[in-house]
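Undergrad: Residue numbers (the numbering used here), protein chains in the order written: chain S, 1 to 195; chain E, 196 to 390. Positions of the beta carbon are idealized from the N, C-alpha and C atoms, including for glycine.
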DNA sequence: GCAGAACGATGAACTATCTTAAGAAAAACG
DNA sequence: CGTTTTTCTTAAGATAGTTCATCGTTCTGC
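Okay, structure coming up:
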């Protein structure tokens, strides 16, 4: 049996739910174990699930015309993840969502989410707040990509998520920060030498 | 008297409202005329309003440490705009929102929006759908910034918003596409010569 | 615990994009 | 309208970031 308390706290932090509604919500999610390298979402298929990470790490990425992989999003414990375009609009995904470690997730499928939102005020509010927070977060990320140099973006990420950095493969972090793995390697090393 | 029909259609396209609720919604917005160069939102002040453009054009931008302006977002007729981080979380803004032309907007203040969302199911749904669409849109934009070259980003923008391009100052478009005005100028000219 | 694969470091050559500067064109506004 | 201000173009030199190729290291699955 998995411990759902991080999930419950995460949700209550967005909007306080009555215990019946929390019960409704948690039973709407399934616990799923996922092996490293396993794909949860693939281009061409509609993203059926919204995912919450109980344990482990994921990244979502696209592959461009030249065959290069670009990490769009990370998720470790207590983070949410999907291909939002695909999930929200129920259109075919363009992203891969892949486990970076053996992981345990909670997932809710789109149809169940719709039912909850239509049937229940508090739960509708929860999903609204989640969408608002996502939008605000993505807007911040766009600003940082528009205004900062590669090195500044790296420094910001390290400052914000010092623990996460340790767990991510460097090539994935590099492409998330919009630079090559080689250049990230150089940045890190220049930093060490300066000391 | 302004014609609100584009606004009404825009809203109904997101979620169908009963006529009473549409009435509630429209009366919650104020019509405001704005002169070119006028600022609707400024860094340091909390963004009080969510803005819908009835007529005219706007851009939001930040100014970085070196004094360079970066356009984050455009809005012409039938688009929505704010500093979402500031508006959603009611924290001080980091962006300017400036009129590029003499314009007419509809605006709703944060408190009124909260009241509508708390009092009314349909209207809460509307704002949820808006947030979901914003998040999905911003996610697409991040992907395009991560995977495309400067020229590809420009081509995509022209293909998507051919009319809008005509109306925007080139310096604003350049910074929105994450390049210098000079480089955008070069791209456009190379294109003409190739013909 | 070992073999094979995946990952990270390094350096040299290269290129996309930026910077600076100055003049030309266009637009704003009295 | 005319003039003042803003925006756009051009071009040369500079640089942040990429590409490619290679090698050592670290995982990882069996």
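1) Helix, strand or coil: which one does DSSP assign to residue 275(E)?
2) List the endpoints of the continuous alpha helix (DSSP H) containing residue 209(S).
3) So, does the CB of residue 195(S) fall closer than 8 Å to a CB anywhere in chain E?
4) How should residue 36(S) be labelled, buried or exposed, when 16 other C-beta atoms within 10 angstroms of its C-beta is the threshold for buried?
5) Relative to the C-alpha of residue 320(E), which candidate in 229(E), 234(E), 217(E) and 348(E) has its C-alpha closest?
6) Leaving out the 5 sequence neighbours to the left and right, which residues in its chain are closer than 6 Å to residue 109(S) when beta-carbon positions are compared?
7) Does the count of Cβ pairs from the segment 260 to 268 of chain E and the segment 344 to 355 of chain E closer than 8 Å reach three?
8) Measure from the alpha carbon of residue 357(E) to the alpha carbon of each residue in 271(E), 295(E) and 227(E), then state which is nearest.
9) Name, going along the chain, the residues of the segment 103 to 126 of chain S whose beta-carbon falls closer than 8 Å to a beta-carbon of chain E.
10) Please classify residue 96(S): is it buried, with 16 or more other beta-carbons within 10 angstroms of its beta-carbon, or exposed?
11) Could you tell me the distance, in whole angstroms, from the CA atom of residue 178(S) to the CA atom of residue 199(E)?
12) For residue 73(S), which residues does DSSP report across the bridge?
13) If distances are taken between C-alpha atoms only, which option among 326(E), 322(E) and 251(E) comes closest to residue 298(E)?
14) Taking DSSP as the reference, what is the three-state secondary structure of residue 48(S)?
15) Buried or exposed: residue 64(S), going by 16 or more other Cβ atoms within 10 Å of its Cβ?
16) Assess contact between the segment 324 to 331 of chain E and the segment 234 to 241 of chain E, defined as three or more Cβ pairs (one per stretch) separated by less than 8 Å. Is contact present?
17) Measuring only the C-alpha atoms, how far is residue 220(E) from residue 206(E)?
18) With 7 Å as the C-beta to C-beta threshold (strictly closer), list the residues of the segment 34 to 67 of chain S near chain E in chain order.
TA: In terms of the structure at hand:
1) Position 80 of the second chain, counting from 1, holds the residue named residue 275(E). Here residue 275(E) sits in strand by DSSP.
2) Absent from the model: residue 209(S). The displayed extent of chain S is 1 to 195, so no value can be given.
3) The residue given as residue 195(S) occupies position 195 in the first chain. Since pLDDT at residue 195(S) reaches only 46, below the 50 mark, its modelled position is unreliable, and the value read off the structure follows with that caveat. For residue 195(S), the answer is no, since every Cβ of chain E falls outside 8 Å of its Cβ.
4) Within the first chain, the letter at position 36 stands for residue 36(S). Only exposed fits residue 36(S), as fewer than 16 other CB atoms lie within 10 angstroms of its CB.
5) Locating residue 320(E) in the second chain gives position 125, where the first residue counts as 1. The candidate whose alpha carbon is nearest that of residue 320(E) is 217(E).
6) Taking the first residue of the first chain as position 1, residue 109(S) is located at position 109. 48 and 49.
7) No, the segment 260 to 268 of chain E is not in contact with the segment 344 to 355 of chain E.
8) Numbered from its first residue, the second chain carries residue 357(E) at position 162. Comparing C-alpha distances from residue 357(E) to each of 271(E), 295(E) and 227(E) shows the shortest one belongs to 271(E).
9) 117, 121, 124 and 125
10) Taking the first chain and counting its residues from 1, the one referred to as residue 96(S) is at position 96. Result: buried.
11) Mapped onto the first chain, residue 178(S) falls at position 178. Mapped onto the second chain, residue 199(E) falls at position 4. Cα to Cα, residue 178(S) sits roughly 42 Å from residue 199(E).
12) The residue you call residue 73(S) lines up with position 73 of the first chain. DSSP output for residue 73(S) lists 60(S) as bridge partner(s).
13) The residue labelled residue 298(E) in the question sits at position 103 within the second chain. With distances taken between Cα atoms, residue 298(E) lies closest to 251(E).
14) Here the question's residue 48(S) lines up with position 48 in the first chain. Of the three classes helix, strand and coil, the one that applies to residue 48(S) here is coil, per DSSP.
15) Taking the first residue of the first chain as 1, we reach residue 64(S) at position 64. Classification for residue 64(S): exposed.
16) no
17) As a working note, residue 220(E) is residue 25 in the second chain. As a working note, residue 206(E) is residue 11 in the second chain. Approximately 10 Å between the Cα atoms of the pair.
18) 62 and 64
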